[in-house]
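For reference, the structure discussed in these notes is given below.
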Amino acid sequence: MIGFALRRLAQGLGVMLAVALIAFTLFRFVGDPVHQMTGIETSAADKAALRTELGLDDPVVVQFGRFVVRAATFDFGTSYQFRQPVADLFAKRLPATLELAFTSALLALALGIPMGIYTALRPQTWLARLILSLSLAGISLPTFFIGMLLIFVFAVSLQWLPSFGRGEVVALGSWWTTGFLTSSGLKALVLPAVTLALYQMTLVTRLIRAEMLEVIRADYIRFAQARGLPDRLVHFRHALKNTLVPVVTITGLQLGSIIAFATITETVFQWPGMGLLFLQAVQNADIPIMAAYLMLTALIFVTINMIVDLLYALIDPRLRVPA
Amino acid sequence: MVSAPARAETLKYAYQGPLNQLDPYSLNETFTLATLSNVYEGLVRRNERLEIEPALAERWELISPTHWRFHLRKGVKFHNGNDFTADDVVFSAERVRAKGSDLATRLGPTVRVEAVDAHTVDFLLDAPNPILHSEWETWLIMDREWTEANNAVAVTSASDTVANHAALAANGTGPFRIVSHEPGVRTVFEPHSGWWDVALHNLTRVEFTPVASDATRVAALLSGELDMIFPVPVQDVKRVEETDGTRALIGPELRTIYIGMDQRRAELGHASVKGKNPFRDVRVRKAVYQAIDIEAIRSKIMRGMSTPAALLISPYLFSRAGEFERWPHDPAAARALLAEAGYPEGFELVMDCSNDRYVNDEAICQAVAQMLTKVGIRTRVNAEPKAKYFGRVLASGGFDTSFFMLGWTPGSFDSWNVLANLATCRDDAGKGGAFNVGGYCNETVDALATQILSENDKATRDELIAKAFRILHEDVAYIPLHQQGLAWGVTDRLSVAQRADDQFLFRFVTKN
């Protein structure tokens, strides 16, 4: 088991290195950061000096080596545009992204699971059909469109909810800020959370429905029903339990993608999280931020995958045999 | 007459980009400098009509053509309570020209700055310069004591690993002080009670948020969450106008959008013509000019929000601009000129263009390409994000373009800046007219530019400028297109002065 874990860890490190290399190579094509850092009248000589100072003139291998060594110690350098350490910037933006991601995940599960169960057990009712057609819309409409639609209805027309930002935030400890404790913070959370949750909710609903339909056709359910057990017990004790295993796996992985890819939602709602920081960085060719973001994203996915793999290995000893 | 505000008035506004950092010498960019101008002040400032007026300097005089004396305002306090003195001006003059400063052009390297007494500063020049102080509104004066105490004497460079205090906090003499600053998220301002001037605004708090998404920015204005947004995207101007409670402020911007042609290389790098450079022939340049239907661009692409230009400078900035007219749009004449120049079949050409820098930049390039194709110059547009585009077409990329579109606003609001940067000869490394991407070179224009720089008499100077512009026009050195429109969106509760340089200053705002 320990050997298996170590092999997995080594593979994870390999993936991280590969991501680092790809990130590093890609960023050489996004444009010249020196132009974004200086004004139009800066002389060519000053620009060249700055380029040398930033190490942009060094051979690629040297730059990459420097990048990897620093990244291993969470030192991603100084942001070109903000002139602040990238690690600090991410630390400040992390709470916003995590609060949004967890609220969305919670929303997706709290609504998606009951809807999935309902559409599986009562597939012929009008409500089930409505849920299914709406979920189809949820999965096919692009996120920014849903966001703009919600802004138009709830912010511009009805004026119930704010269209952008995080509202008033309260500081907890030295670096965590939360919007959960103020009314404006909670209000500001609604639209982006719903926008981000919609796709995940649709996924959960459809997943639960499909699994549930499969399970209730199984023999042990039929036997249970034949023995005259009450429907409630059959559906929720026996059927739902067996449905949840794949759902938990998928949800875990989806949480990773919510955290990592909330970029579009954050941009539409000007939500001050990591995704917004990343997009601003792309526009300004702020390579340190882009590199850090990509590495962080890769780290989240590699970690989640590793945990999932290890859990499977714990459950099923056959998987411990090297592939 | 000091009137206290009747009630607490908070101004909430958004711009499309973030206020990255607070060091007034780090980035030479309009938005950053304009925002910081609410906090810091220069020796001079400009009013709503962009005229120079006294600020930290009460008055100034020319002791000789190369010797300027500035008499500083007395009793001015920085936000931390420190007194403003001549020492701060000398210090700021050193810092603005120090390594890492992006505003070194505000004060030539050879200008000597000397404190005569606590409230008098002398500027000693090598040669006369009538526009010495014209860029000083954005040369913001810092407090020596505060800057030194906070280890912020060196301008933060991007390679520094520790953030410079001046990038995160501010201490100016201006009408507002910064209460909090989260880069990219929110900056909060409050009035500076000890400001030397009479506050004509009635604001008690200002909140700035960057909102990058156009649609979200407009929605926030329409829903009443924001009092002011800029810019309003061209396609949303009508909506802002038609919504109750909001209106759009439209005006011409100072920036001139123009097309340039490579006239330096012996052979064009991105065209089908081999062995020669058609743009070296004035007839070809004029053909391109006359093929462009500027009215169509104004009405179809800019939706009326542009002012066609005959000069490389806004008519607001040059008294004799009225004497100039565009070459008329005439496709037939363009074809004839091409045939005369030896290109009856035309040629193929690549046009380089940014797609995120100017209003509708890519759309304008596409339209120009179609118009040129119609007269025989089959043009393909290569549009790139500004981060990539500027890196390629400017000096650092070796001016790698044959045909391009750019925009220019003279930082000094003066024609000399335009001539020196865009129209004087340069070498391949960019020495000379550093932003003369097309490499146009004419000794008469160079000589005129030198004369203009040191001519103190306004009428003579304007005559020289007109002469230079006349040559550029006859030579078709560039093809000026238009000044794009400024569009701000405000609630009806707000009254604000819209400056043509797109500077949004709180001291011109009242809210009721």
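Chains Y and E, in that order, are what the protein sequence lines are.
If you're matching positions, the first sequence starts at -7 in the numbering used here and goes up one per residue.
If you're matching positions, the second sequence starts at -10 in the numbering used here and goes up one per residue.
Think of the CB as a built atom: it goes at the ideal place given N, C-alpha and C, for glycine as much as any other residue.
Residue ranges of uninterrupted beta strand (DSSP E) with 3 or more members, entirely inside the stretch 136 to 178 of chain Y and ordered along the chain, are 162 to 164, 168 to 170. In this structure, E:I120 and E:D403 form a Cβ contact; the two beta carbons are roughly 5 Å apart against a cut-off of 8 Å. Look at Y:T174: its C-beta is not under 7 Å from any C-beta on chain E. For E:W477, the beta-bridge partners assigned by DSSP are E:L238.
Proximity to E:A423 across E:A384, E:G240, E:I441, E:V100 peaks at E:A384, based on C-alpha coordinates. Apart from sequence neighbours up to five positions away, the residues of its chain that approach E:P469 with a beta-carbon distance below 7 Å are T245, Y247, A298, A299, L300, L301, ordered along the chain.
Residue contact with chain Y for E:S202: present (Cβ-Cβ distance below 7 Å to some residue of chain Y).
Cβ neighbours of Y:M204 within its own chain (closer than 8 Å, five residues either side excluded): G108, I109, A112, L113, A231, L232, T235.
Between E:L243 and E:A489, the gap from beta carbon to beta carbon is short of 7 Å. Interface criterion met: the Cβ of Y:T259 is under 7 Å from a Cβ in chain E. When Cβ-Cβ separations below 7 Å define contact, Y:K179 makes no contact with chain E. Under the DSSP definition of a beta bridge, E:E373 partners with E:S343. The residue from E:F59, E:K456, E:K377 with its alpha-carbon nearest to that of E:E50 is E:F59. The beta carbon of E:D345 is closer than 6 Å to those of P374, K375 in its chain, skipping five residues each way along the sequence.
Annotated three-state conformation of E:L113 is strand, per DSSP. Residue range -1 to 4 is occupied by the beta strand (DSSP E) that includes E:K1. Of the candidates E:R381, E:G380, E:V357, E:K363, E:V357 places its Cα closest to the Cα of E:V370. Counting C-beta atoms within 10 angstroms of its own C-beta, Y:P51 has fewer than 16 neighbours from the protein chains shown and is therefore classed as exposed. In the structure shown, E:P267 falls within a helical segment according to DSSP collapsed to helix, strand and coil. By the Cβ-count criterion, E:K420 is exposed, with fewer than 16 other Cβ atoms from all chains shown falling within 10 Å of its own Cβ. Note on Y:P87: 16 or more other CB atoms within 10 angstroms of its CB, so buried under the neighbour-count rule.
Within chain Y, the residues placing a beta-carbon under 7 Å from that of E:Q10 are F74, R75, ordered along the chain. In terms of CA proximity to E:E432, E:R415 leads the group E:R415, E:A372, E:V426, E:N445. Here E:R450 carries a helix assignment [DSSP, helix/strand/coil]. With a cut-off of 8 Å on Cβ pairs, the stretch 190 to 197 of chain E is in contact with the stretch -1 to 19 of chain E, counting three or more such pairs.
As computed with DSSP, E:P297 is found in a beta bridge with E:H471. Against Y:V148, the close residues of chain E are A208, L211, S212, in the order they occur along the chain (beta-carbon pairs closer than 7 Å). Sequence-ordered contacts of the stretch 367 to 381 of chain E with chain Y read P374, A376, K377, F379, G380 [C-beta pairs closer than 7 Å]. Excluding its 5 nearest sequence neighbours in each direction, E:S484 has C-beta neighbours in its own chain below 6 Å: T499, listed in chain order. Counting every other CB atom within 10 Å of its CB across the protein chains shown gives E:R38 a total below 16, marking it as exposed.
For the stretch 415 to 444 of chain E, the set of positions with a beta-carbon nearer than 9 Å to some beta-carbon of chain Y reads A418, G419, K420, A423, F424 in chain order.
Annotation: Cβ neighbours of Y:A277 in chain E (cutoff 7 Å, chain order): A376. Around the beta-carbon of Y:G(-5), fewer than 16 other beta-carbon atoms lie within 10 Å, marking it exposed. DSSP, read as helix, strand or coil, puts E:R309 in coil. Residues of the stretch 168 to 190 of chain E with a C-beta atom less than 9 Å from some C-beta of chain Y are E171, P172, G173, V174, R175, listed in chain order.
Interface with chain Y (7 Å Cβ-Cβ cutoff): E:T193 is excluded.
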